[in-house]
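The opening residue of the sequence shown carries number 442 in the working numbering; numbering runs sequentially from there. Don't be surprised by glycine CBs; every beta carbon is placed ideally from N, CA and C.
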Amino acid sequence: MREIKTVTVLGANGTMGAGSAAIVAAFGKAKVHMLARDVNKAKEGIEKAISSIKTDTIRPRLIPGSYDQDLEKAVSESDWVFELVAESYEVKEPINKRIAKARKPGTIVSTVSSGLSIARLADAFDEDGKKHYYGTHFFNPPYKMILCELVTHAGNDKKVTKKLGEYLAKTLGRAVVYTNDTPAFAGNRIGFQLINEAAIKAEEYSDKGGIALIDAIMSGYTGRAMAPLDTADFVGLDVHKAIVDNLYEMTKDAAHSTFKLPGYFQKLIDRGDLGRKSGQGLYKMTKTPEGKKEKLYYDIKGDLFVPVPKFDIPFIKEANRRMGEADYIGAMNIVKEAKGLEADIARYFIARYVSYSLSLVGEVVETKEMTDLAMGTGFNWAPASAFVDFLGGPKEAISLITKAKLPVPEILAKAKAGKPFYQLKDILDARSLFKG
């Protein structure tokens with residue numbers, strides 16, 4: 442892989458495209474051809490790129506252009522072609538055919554995709570092109586979310602993969618997770634499994650607080666900066682649907698049934714209630730007659746928005762207090778020993794998160810550190826391996842998983858007692874991921 446001095450970004454007017462171009466120009470010091478449907482859209486992308494990193498110093502490196510007029514010339518002089526067009530084969534494959542004809546040997550070509558087959562997209566290229574074709578799944582917004590899933594396929598060259606990974610990590614400052622070409626890769630497969638199952642549970646307990654109850658139970662003490670259903674609202678219910686529908690169709694693992702989209706999600710999507718971007722979805726912000734902001738949640742049975750109640754759940758208060766003191770083992774002991782429905786739900790989801798994350802080692806990633814890094818830097822969730830230690834070690838984690846009637850991952854079953862399961866020095870300090 443040669444030095445990356447010139448880059449072409451396709452889809453440069455989108456939030457992800459503009460943000461990624463800014464990273465390449467600012468940290469990589471590369472000249473970036475910013476291509477969009479027309480030059481004016483590309484110029485809008487340049488302004489978004491500059492705004493995303495809050496500095497005008499990169500402007501001279503950003504060159505606007507259009508697909509029709511400038512793609513072939515830009516690609517022919519680029520060392521990396523970074524494609525971020527719409528998430529569909531119908532859009533990406535014709536673009537790839539044009540890139541394949543224009544690229545020079547040794548040029549890296551990569552795509553941002555949440556789950557399309559990288560091997561299929563690589564089919565547009567010759568042998569050298571296949572060797573240099575990757576998924577580079579940046580997370581949005583790139584300046585704040587440093588995860589990049591580097592997705593490989595059978596045609597890649599390991600030496601090129603190593604050099605590209607080093608460039609992404611050392612030059613662009615990405616937290617690089619190496620994943621195989623599997624549905625939704627690592628971060629989204631784990632994250633949206635838990636989010637969608639939380640949505641299913643919300644419907645099951647709709648008469649006890651539903652969406653608001655599940656998010657209250659799955660709040661900061663479970664190692665999440667944002668509760669799962671609030672996350673779905675933030676991401677967009679339409680985006681959530683696209684990811685879980687793909688996973689439901691393309692995977693057949695032990696969690697398969699949990700990827701089925703709940704009916705009330707579809708109802709909200711059909712009427713345009715997509716979440717924060719549309720003004721309401723699972724939640725809605727409003728003002729009281731006194732002018733105070735008030736958060737409402739969607740009452741599934743009533744099909745209306747009602748105020749989020751203040752749940753009084755004693756074990757959560759105590760667990761949060763322990764977390765605030767960095768006593769993670771003490772906090773998990775509180776959760777393990779607590780009585781009642783809310784505690785049962787909390788234990789189940791902690792068990793599910795550990796079980797499912799670690800079950801992907803071997804299929805999706807080669808090491809547990811890769812899933813840990815994906816969830817820590819892509820979702821701001823405390824890694825599953827850390828929970829093994831917080832629960833008291835492999836034996837205690839296996840006990841929790843078994844009681845939840847979930848599969849015990851092979852890597853956990855083989856873990857040695859008395860040895861830390863989570864390698865803090867290799868990932869992140871877990872304390873920064875807990876928000877009380």
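*Could you say if the stretch 625-642 and the stretch 819-831 meet the contact criterion of at least three C-beta pairs nearer than 8 angstroms?*
yes
*Would you identify the three-state DSSP class for lysine 542, choosing helix, strand or coil?*
helix
_Quick check on the burial criterion: 16 or more other C-beta atoms within 10 angstroms. Buried or exposed for asparagine 687?_
buried
*How is threonine 496 classed by DSSP in three states: helix, strand or coil?*
coil
*Element boundaries [alpha helix (DSSP H), containing lysine 708]*: 704-711
*Can you list, in chain order, the residues of its chain whose CB lies under 7 angstroms from that of leucine 887, leaving out five sequence neighbours each side?*
This structure gives no information on residue 887, because the portion of the chain shown stretches from 442 to 877.
*Straight-line CA distance for glutamate 444 to threonine 602?*
14 angstroms
*Quick one: what does DSSP say asparagine 481 is sitting in, helix, strand or coil?*
helix
*Reference proline 535; option with closest CA among Thr548, Ala563, Ser555 and Ser517*: Ala563
*Limits of the unbroken beta strand (DSSP E) element including lysine 736*: 734-740
*Please go through the same chain and pick out, in chain order, the residues whose beta-carbon is closer than 7 angstroms to the beta-carbon of lysine 701, but skip the five residues on each side of it.*
Tyr689
*Report the residue from Phe468, Asp497 and Ile655 whose alpha carbon sits nearest the alpha carbon of isoleucine 587.*
Phe468
*Tell me whether aspartate 870 sits in a helix, a strand or coil according to DSSP, three-state version.*
Unreliable placement is indicated for aspartate 870, whose pLDDT of 43 sits below 50; no coordinate value is reported for it.
*Exposed or buried, what is asparagine 454 when buried is set at 16 or more other beta-carbons lying within 10 Å of its beta-carbon?*
buried
*Which residues in the same chain as phenylalanine 752 place their Cβ atom closer than 6 angstroms to its Cβ, once the five residues preceding and following it in sequence are excluded?*
Ala657
*Should asparagine 481 be labelled buried (16 or more other beta-carbon atoms within 10 Å of its own) or exposed?*
exposed
*From the DSSP output, in three-state form, read off glutamine 864 for me.*
coil
*From the DSSP output, read off the bridge partner residues of valine 747.*
Tyr738
*Who does methionine 726 pair with in a DSSP beta bridge?*
Lys736
*Proximity winner among Pro835, Pro583 and Ala463, relative to threonine 498 (alpha-carbon distances)*: Ala463
_Threshold first: 4 residues or longer. Then list the alpha helix (DSSP H) segments lying entirely within the stretch 816-855, N to C._
825-831, 835-844 and 851-854
*Looking at the unbroken beta strand (DSSP E) that takes in isoleucine 549, where does it start and where does it end?*
549-552
*asked:* To the nearest angstrom, how far is the alpha carbon of glycine 877 from that of alanine 683?
replied: Its pLDDT being 31, under 50, glycine 877 is placed unreliably by the model, and the measurement read from it follows with that caveat. Rounded to the nearest angstrom, the two C-alpha atoms are 31 angstroms apart.
_Please state whether the Cβ-Cβ distance between valine 553 and phenylalanine 579 is less than 8 angstroms._
yes
*For the beta strand (DSSP E) containing phenylalanine 468, list its first residue and its last residue.*
Taken as a continuous stretch (DSSP letters only), phenylalanine 468 belongs to no beta strand (DSSP E), being part of the alpha helix (DSSP H) at 456-468.
*For glutamate 783, which of helix, strand or coil comes out of DSSP?*
helix
*Identity of the residue in Phe523, Lys470, Glu524 and Lys777 nearest glutamate 759 by Cα*: Lys777
*Is the CB-CB distance between leucine 832 and methionine 773 below 8 angstroms?*
yes
*Cβ atoms of lysine 736 and valine 747: under 8 angstroms apart, would you say?*
no
_Going by C-alpha to C-alpha distance, which of Ile786, Lys857, Gly803 and Thr699 sits closest to alanine 845?_
Ile786
_Looking only at its chain, what residues have a beta carbon closer than 7 angstroms to the beta carbon of serine 400, apart from the 5 residues adjacent to it on each side?_
This structure gives no information on residue 400, because the portion of the chain shown stretches from 442 to 877.
*Would you call the stretch 520-532 and the stretch 540-550 touching, i.e. three or more CB-CB distances under 8 angstroms?*
yes
*Which residue or residues does DSSP assign as beta-bridge partners of tyrosine 476?*
Here residue 476 is leucine; the residue named in the question, tyrosine, does not match the sequence. Its beta-bridge partners are Leu451 and Gly506.
*Buried or exposed: where does glycine 732 fall if 16 or more other Cβ atoms within 10 Å of its Cβ makes it buried?*
exposed
*Environment of valine 532 [buried if 16+ CB atoms lie within 10 Å]*: exposed
_Alpha carbons only, please: which of Tyr530, Asp744 and Thr727 is nearest the one belonging to arginine 712?_
Asp744
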